[in-house]
Each structure stands twice: as C-alpha cells, then as structure tokens.
Amino acid sequence: MSRTLACLIVFLTLPATSALAGTIVLTFSAGAGTCASDSAGTTGPIPCSDSNRIYQGYGDTADVDFTYLDFNTAPNSLYWWSTQYNQLVDVAWADEDGRIEIAPTASALITLDHLDIGSWLGVMLPVTVRVLDLVTSEELYNTGVLNIGATSVYLTPGVSSRNGLALVWDATTGGGRFGLDNITITAETVPEPRSGILIAAGLFCLVCAGTRWGDKTVRDVTAD
Ligand SMILES: [Ca+2]
Ligand SMILES: [Ca+2]
Ligand SMILES: [Ca+2]
Numbered sequence: 000m001s002r003t004l005a006c007l008i009v010f011l012t013l014p015a016t017s018a019l020a021g022t023i024v025l026t027f028s029a030g031a032g033t034c035a036s037d038s039a040g041t042t043g044p045i046p047c048s049d050s051n052r053i054y055q056g057y058g059d060t061a062d063v064d065f066t067y068l069d070f071n072t073a074p075n076s077l078y079w080w081s082t083q084y085n086q087l088v089d090v091a092w093a094d095e096d097g098r099i100e101i102a103p104t105a106s107a108l109i110t111l112d113h114l115d116i117g118s119w120l121g122v123m124l125p126v127t128v129r130v131l132d133l134v135t136s137e138e139l140y141n142t143g144v145l146n147i148g149a150t151s152v153y154l155t156p157g158v159s160s161r162n163g164l165a166l167v168w169d170a171t172t173g174g175g176r177f178g179l180d181n182i183t184i185t186a187e188t189v190p191e192p193r194s195g196i197l198i199a200a201g202l203f204c205l206v207c208a209g210t211r212w213g214d215k216t217v218r219d220v221t222a223d
C-alpha cells in the first residue's frame, strides 16, 4: 500500500469535525425541577405551586447555566404561575421587570431562538422585550413597545453570542403582568481537539503526496 493511500485512509477514517448543537426548551412544567422554596431560588427543587419562585438549577445542562431574576428585587428569582396568562400554561413571571441570564459554561455559542410572552388575564399593557450580550450588554434584539392583550405573542429573536445572553423584559406596571414560556435556546459547541487532529492529519497527507510526486519527478527525469 502506498504511503499516500495510507494517509488518505487515515484521514478519511478520522471522526469528522462538527459542531455539537443542543436545544433546550424552558417550559416551566409544574413537576419537580422547576420551583424553589426560597426567594433567591437556591433551595430545591420542589413541585410548583402558584407564586413559588423558579429554582436556579432549572434548565441547567453541562453547556448552559440559567439564572432567573425578578429584576426589581434581585437577587430574588422569578415567580411561577400555572394559568391565566392567555393560553400559556406554567410560566415564569416577574413582579415588574424580569431577566433571565443564559451563560455558556465553556465555549458554547448561545442562540435564543424563540419564546412566548402572555398577558395576565388578557389585560392590554405595554412591555418591551430585549436580548443583550451577557458580558458587554450590547443590545442584540429589541421588540420596541409591545401591547399584549387577549393573545400571547410569539417572538423569534434568533440572536447569538459566545458570551451568553440576557433576556430582559421591562414593564411599566407591577403585579406580575407578563408571563414567559417556551424559551428555546441552542447551545453549539465545537470540539477543538478533534479540529487540531484533522488539520495535522491533512498536513501530513499533503507532505506524503508531495514526497510521492517528487520521487516520480526524479525517476521521470532520470529516465530521460
Ligand atoms: Ca442555574
Ligand atoms: Ca409552560
Ligand atoms: Ca419597569
């Protein structure tokens, strides 16, 4: 077997370098794992009852760490509620302004794909939803003023950052007027070590191929 062919076989049998994407959907389901027994959301998880706080471990994975903040009383966590935010069931709400931080635990690229926001009892009031870079606070998405009434609104930010993201909503009235649900994010990681192996293997194959071409050229010249 020629060295060039051997190199080609080794190169092709190495695992392909690919991004590993994982999708997380925060549905705030009432079962264990969503709620906490203290205001900061650090004690739990416990099964949910209306006005429990969201547990700070809810939704966390090896790639992503969520933090829930009732912004006007931070570090208190967000609240949980079962119904009455339009057609949404099991939601997170803030007394007035809320913030959910989505931090990569390693080098994942975090994308906020979509979310639902509903209005308490369908009462029409204004709210603004924004997405910020978690480290620089650069504003990546801004809905402008939304007037949500009888029907919840489906938002599709589609913005990304390797620093992580902060989903924030700003109401002008307290009393838990807005509930958020079905917050969907994608965490995309690239396995760096395998990338390095592939690059090294590719360079080695090029060297092998160059050597074979050089050997042939020498033989051809000699034959002349
Ligand atoms: Ca967490
Ligand atoms: Ca839900
Ligand atoms: Ca406000």
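Under numbering that gives the first Met the number 0, the first residue of the sequence shown carries the number 0, and numbering increases by one thereafter. Where is the CB? At the ideal position from N, CA and C, for every residue including glycine.
Integer-rounded CB distance, given that residue j should sit under 8 angstroms from residue i
| i | j | result |
| --- | --- | --- |
| A102 | D64 | 5 angstroms |
| A105 | D62 | 7 angstroms |
| C34 | I45 | 5 angstroms |
Euclidean distance between Cα positions of residue i and residue j
| i | j | result |
| --- | --- | --- |
| Y84 | S151 | 8 angstroms |
| P156 | L166 | 10 angstroms |
| T185 | F70 | 24 angstroms |
| I109 | L154 | 17 angstroms |
| L145 | M123 | 9 angstroms |
| T60 | D89 | 21 angstroms |
| L120 | G175 | 11 angstroms |
| T82 | N162 | 34 angstroms |
| A170 | A20 | 33 angstroms |
| A18 | D132 | 21 angstroms |
| S159 | W168 | 18 angstroms |
| G32 | L68 | 17 angstroms |
| P14 | G56 | Residue placement at P14 is flagged as unreliable, the pLDDT there being 47, under the threshold of 50; the coordinate-derived value follows with that caveat. Those two C-alpha atoms are separated by around 34 angstroms. |
Spatially closest choice to residue i from the options, by CA coordinates
| i | options | result |
| --- | --- | --- |
| V134 | V126, L111, E100 | E100 |
| G40 | D49, N146, Y54, G32 | Y54 |
| G97 | E187, R52, V189, A31 | R52 |
| I116 | Q86, A107, D132 | Q86 |
| S38 | S50, T188, G148, G32 | S50 |
| L164 | A107, I147, T42, G43 | A107 |
| F27 | T42, T72, L77 | L77 |
| T183 | G58, F177, S36, T42 | G58 |
| L114 | S48, S36, E187, F177 | F177 |
Cβ-Cβ distance between residue i and residue j below 9 angstroms
| i | j | result |
| --- | --- | --- |
| Y140 | L179 | no |
| S118 | A93 | no |
Local Cβ density within 10 Å of residue i, reported as buried at 16 or more and exposed below that
| i | result |
| --- | --- |
| P74 | exposed |
| V224 | Outside the modelled stretch of the chain, which goes from 0 to 223, sits residue 224, for which no answer is possible. |
| T226 | In the structure as shown, the chain starts at 0 and stops at 223, and residue 226 therefore has no counterpart that could be examined. |
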